[in-house]
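Numbering of the sequence shown is given in the numbering used here, commencing with residue 186 and proceeding in unit increments.
Cβ atoms here follow ideal geometry from the backbone N, Cα and C, with glycine treated the same way.
Here the structure is a predicted model, which means the values were calculated and not measured.
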Amino acid sequence: MGARTPASAPAAPPRLGPGMRQTRQRHQIWAALQRLGGHCTAETITAELAREKASVPRSTVYRTLDALSASGALRAIRLPAGPVYYEMSVEDHEHAVCQVCAGITHIDRQLVRGVEKDLLARHGFRTSRIDVIVLGVCQACAAAPDGLPAPAVAAVSPVRG
Ligand SMILES: [Zn+2]
Ligand SMILES: [Zn+2]
């Protein structure tokens, strides 16, 4: 799927590769992503569309998310297990994921840039892309009794910072 979109592209409906003809549904999905903000799964997007009474089949949601990721308009965050999270490719950050509630915390990109600088200085290695996922337990889950997950809302709410 050829077209590459710069990571700093504005949050306007993106161009997709060939084969994406469901323009209206694509726009509904894009609008749902904007409303939800932060990190969404195909499930949360499908639920949001259903709430809006937009009848977009789940298969179309999956296909569109794949195409948007391939075009660079969306960033797909793939974890070792569980659903793929999607977010618009406008933010510059990495992710720490709670293994109890699946909540996502942002890692300041400046910290990751240190890795880039070190690789270049010590090994002459030129970084083209960094994808960091840190797994662990979030503050809320760590404080919860007996490893119970923090309230489920944490799993779908974007975590700021
Ligand atoms: Zn993110
Ligand atoms: Zn947690």
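Margin query: Between the alpha carbons of Q295 and R307, how many angstroms are there, rounded?
Written below: 18 Å
Notebook entry, point to check: In terms of residue numbering, what span does the alpha helix (DSSP H) encompassing I230 cover?
Noted result: A227 to R236
Note to self: Which residues does DSSP list as the beta-bridge partners of Y271?
What the structure shows: Bridge pairing for Y271: C225 and A261 [DSSP].
Note to self: Along the chain, where does the beta strand (DSSP E) containing D293 start, and where does it finish?
What the structure shows: I289 to D293
Next item on the list: Kindly identify the DSSP beta-bridge partner or partners of I318.
Entry: H280
Note to self: In whole angstroms, give me the CA-to-CA distance for S342 and H212.
What the structure shows: Caution applies to S342, whose pLDDT of 40 falls short of 50 and renders its modelled position unreliable; the value that the coordinates give is listed next. Across the structure, S342 and H212 are spaced so that their CA atoms are roughly 22 Å apart.
Check: Any contact of the stretch 270 to 280 with the stretch 233 to 243, i.e. 3+ C-beta pairs under 8 Å?
Finding: Result no; under three Cβ-Cβ pairs closer than 8 Å.
Notebook entry, point to check: Going by alpha carbons, who is nearest to A329 out of W215, E228, C283 and V246?
Noted result: The closest CA to that of A329, considering only W215, E228, C283 and V246, is found on C283.
Margin query: Nearer than 7 Å: is that true of the beta carbon of I289 relative to any heavy atom of ligand 1?
Written below: Result yes, Cβ under 7 Å from ligand 1.
Check: In chain order, what residues of the same chain lie with their CB nearer than 6 Å to the CB of D277, ignoring the 5 residues before and after it?
Finding: R294
Notebook entry, point to check: So does V285 have its beta carbon nearer than 7 Å to some heavy atom of ligand 2?
Noted result: yes
Notebook entry, point to check: Under a three-way DSSP split, which group does S313 fall into?
Noted result: Coil at S313, not helix or strand.
Margin query: Following a CB-centred definition, is V322 positioned closer than 7 Å to any heavy atom of ligand 2?
Written below: Result yes, Cβ under 7 Å from ligand 2.
Next item on the list: Take E228 and list the residues in its own chain whose beta-carbon comes closer than 7 Å to its own, dropping the five residues that flank it on each side.
Entry: P268
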